[in-house]
Each structure stands twice: as C-alpha cells, then as structure tokens.
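Scroll down for the structure; my scribbles are underneath it.
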Amino acid sequence: MSEVVVEVRGLEHTYMRGTPMEAPSLKGVDFDVRRGETVALLGHTGCGKSTLVQHLNGLLRPQKGRVRVLEYDLNDPKVDVKALRRRVALLFQNPEAQLFERYVGDDVAFGPRQLGLSREEVRARVREALEAVGLGFEAFKDRLTFTLSGGEKRRVALAGVLALRPEILVLDEPLAGLDPAGRRHLVELIRRLKSEWGLTLILVSHDLEDVVLLADRCFVMADGRVVLSGTPREIFSQPPARLAEFGLQPPAVTAAVHALAEAGLGVRRDCLTVDEAVSEIARALGMGGKPWTSSSCCAT
Ligand SMILES: Nc1ncnc2c1ncn2[C@@H]1O[C@H](COP(=O)(O)OP(=O)(O)OP(=O)(O)O)[C@@H](O)[C@H]1O
Ligand SMILES: [Mg+2]
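In terms of the numbering used here, the sequence shown opens at residue 1034 and continues consecutively.
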C-alpha cells in the first residue's frame, strides 16, 4: 500500500475564537489520504469542507488536533509553508474570480515565476499547463482574461496551479456553477490528472455529483465531523433517507434502483451508472444481462 501523504487527527477549528461571534466549524476531524489516491470530501453547505482543506497547505493552522502533509508537520510553528505550497496546490471555490493578470499567459505564469524558474522553464510550464486543460498555448496565452467564458476562466485557474507541478492537488467545488458541457469537460480533465499525471487528488463537493465517481474513497462531513467514509459504491448504496440526513442527494439512477428494491424487485442498490442499472434490472426481470460485480463494473 502506498504511503499516507495527508494525516489529520482530531482537528478542531473555531473561527473568531474568543469573540461573541465565535463559530466552531471543525469539531474533531480524522482524515487521511494515500499517495496517488483520489479522495472526495462531501457534505452540505457549511459542514466544514473548505475549512478542512485550507489546513492542508497551511492557510489555516491547527488550533487543536494534528495535521501532517507529506513530511510537513503543520503543528510546528516553524514549518516551511512556502516549500509545502510548492507541493500541495489548493484551487479555491470559484477560482475564476481570482484571475488577476491582464493576460492568460501571465496569470498561469504567476506561480512558476514565484518559484524563481528561468524564462524558458516558465514558458514550458505555462504551455504544458494550458494544453493539459485543453486551451491551446498559442491561441490563449495572449488572450485578455476578462474576455474568457466562465468555463475557460475556471480552466485557466486550474492551469495556474498545474503549472506549479504539485504532488497533491486540492480542488474545492471544481464543478460548481459550470454548465453540463463544462462539467463534462472538467470531469474528463480530472480523470486525466489522475491517470496520466498520477496526482494525489482531493475533490471537494457538496453533492454526489459526477466527480465522486472518480474517487477511490469518499469522506462525508456533517457539522464539523466526518460521519461516513467508504468507496463511492459504499456511499451510494446507503439508503437515500440516510444520505439526505447529510444533505446529499443520490443520483437519480441510484434512487431509482433503491425504489425498485424497496418495491420488491431483486436488484442491487448500489448501481452508479445508467448502464449498470439497466443490466441489473434486466437481469432481475429475467431478460438476460449478467450480474455484475463491483470490480467488473467499477466507475473509476
Ligand atoms: N472566515 C470565516 N469567519 C467566520 N466563520 C466562517 C468563516 N469561514 C467559514 N465560516 C463558517 O464555518 C463553517 C464551515 O464553513 P466552510 O466554508 O468550511 O463550509 P463548507 O463545507 O466549505 O461549505 P460550502 O459547501 O458552502 O462551501 C460555516 O458555518 C461557515 O459559516
Ligand atoms: Mg466550501
């Protein structure tokens, strides 16, 4: 088994501590990620997902509990946060709002320039990162950032963090606010970052959307704690009412097989895709279709 690269134990965080406005937002979180894994962090709005991931590159420091990322101990006040951030990149929610350079090429180059790389190396990284997100280097490097579509801006922001060539990439709500085509494109891109770049990925999402299917493991948070963890299939096979308790809505196809199972049809409840559901229902109705196993039908 590969090494543990993120280890969070008993983490607590209270915003505006010691003031009348104090807001406890993490109440003892345990969380870990192994090298090369893709992990989804789920839960309804305000449950603490962004607060947790902001600890992973030192934007927030542990008030209580322990955080270790790679060989960096975030409890150590002298930890080299700059070095950590070269290896662990965090793309915030709505990153397109944070593009600040006039030209796309400069925006993507910002991080590599901070690393003190040569002009040629910066250029090579910008080219690689833009092409990785599906934006041609020649076509986009001199585009004015404000002329891009929302989906293109999101991709430029992602290119900006890829240009740092991180080992661990945290994407906070990567699909939020994109149209279906933009979502499909980004899911495909994340799939490639996983398979071709071999990145360790932490994907934050408030719902069981497509991105969850890319995950090896999911952690569901509620009210500042991790309340459920497992493979996507284990999470999706929970009764819809239980998921609803945590503000999660199962995909329509999973809800449908649950309803059929409740009605007495002998189908598995953990179908994740339309194809799986169709073959499972056909089998249960004696119309052919062979039973599938998690390994033969894995969505990842
Ligand atoms: N800077 C802040 N000051 C005070 N309270 C905050 C601050 N940031 C977050 N909070 C509070 O901490 C709790 C957790 O917020 P957080 O942003 O981590 O949730 P989240 O799970 O990322 O939500 P969402 O899905 O809406 O992004 C919320 O109650 C939120 O109001
Ligand atoms: Mg958030």
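Backbone N, C-alpha and C define an ideal beta-carbon position, used for all residues, glycine too.
Check	Outcome
Check the C-beta distance from Arg-1278 over to His-1239 and give it rounded, since I have them as a contact under 8 Å.	Sequence check: residue 1278 is Glu here, not Arg. Rounded, the Cβ-Cβ distance is 15 Å, inconsistent with contact.
For Arg-1135, collect the residues of the same chain with a Cβ closer than 7 Å to its Cβ; drop the 5 residues on either side in sequence, then sort them by chain order.	Leu-1177, Thr-1178
Counting along the chain, where does the beta strand (DSSP E) carrying Glu-1154 start and finish?	Run containing Glu-1154: none in the beta strand (DSSP E); it sits in the alpha helix (DSSP H), 1152-1165.
Based on the DSSP secondary-structure assignment, which residues constitute the bridge partners of Val-1203?	Leu-1123, Ile-1235
With a threshold of 7 Å (Cβ to nearest heavy atom), would Glu-1129 be considered close to ligand 2?	no
Can the beta-carbon of Leu-1195 be found closer than 8 Å to that of Ala-1162?	yes
List the endpoints of the continuous alpha helix (DSSP H) containing Pro-1213.	1213-1228
Looking at Met-1049 and ligand 1, is the gap between the Cβ and the nearest heavy atom below 7 Å?	yes
So, using beta-carbon positions, are Arg-1068 and Val-1038 closer together than 8 Å?	yes
Could you check which residue in Glu-1154, Arg-1216, Leu-1222 has the C-alpha nearest to that of Val-1166?	Leu-1222
Give the DSSP-derived three-state secondary structure of Ala-1315 in the structure shown.	helix
Let me know the secondary structure DSSP gives Asp-1308 once reduced to three states.	helix
Quick one: give me the first and last residue of the alpha helix (DSSP H) that Ala-1274 is part of.	1273-1278
With 16 as the cutoff for other CB atoms within 10 Å, does Tyr-1105 come out buried or exposed?	buried
Spell out whether any CB of chain E is found under 8 Å from the CB atom of Ile-1314.	Within the model displayed, chain E is absent; a lone protein chain is all it includes.
State the start and end residues of the unbroken alpha helix (DSSP H) segment that holds Arg-1187.	1183-1195
So what does Ala-1255 bridge to, in DSSP terms?	Arg-1258
Closer than 7 Å: is that where the CB of Ser-1058 sits relative to any heavy atom of ligand 2?	no
Do you know how far the Cα of Glu-1154 is from the Cα of Val-1259?	41 Å
Quick check on the burial criterion: 16 or more other C-beta atoms within 10 angstroms. Buried or exposed for Ser-999?	Because the chain here runs from 1034 to 1333, residue 999 falls outside it and cannot be looked at.
Kindly indicate which three-state DSSP category Glu-1036 falls into: helix, strand or coil?	coil
For a test of your reading of the model: does the CB of Gln-1126 fall under 7 Å from any non-hydrogen atom of ligand 2? Yes or no.	yes
On a Cα-Cα basis, can you pick out the residue from Phe-1143, Gly-1215, Gly-1138, Trp-1230 that is closest to Gly-1169?	Gly-1138
State buried or exposed for Pro-1213, treating a residue as buried only when at least 16 other CB atoms are found within 10 Å of its CB.	exposed
Helix, strand or coil, according to DSSP, for Ala-1056 in the structure here?	strand
Within 10 angstroms of the Cβ of Pro-1272, are there 16 or more other Cβ atoms? Answer buried if so, exposed if not.	exposed
When the Cα atoms are used, what is the spatial distance from Ala-1255 to Val-1237?	13 Å
Of the choices Leu-1202, His-1218, Glu-1200, whose alpha-carbon is the least far from that of Leu-1208?	His-1218
Based on the DSSP secondary-structure assignment, which residues constitute the bridge partners of Thr-1071?	Leu-1234
Can Lys-1111 and Gly-1257 be called in contact, C-beta distance under 8 Å?	no
If distances are taken between C-alpha atoms only, which option among Ala-1190, Arg-1198, Asp-1243 comes closest to Arg-1216?	Asp-1243
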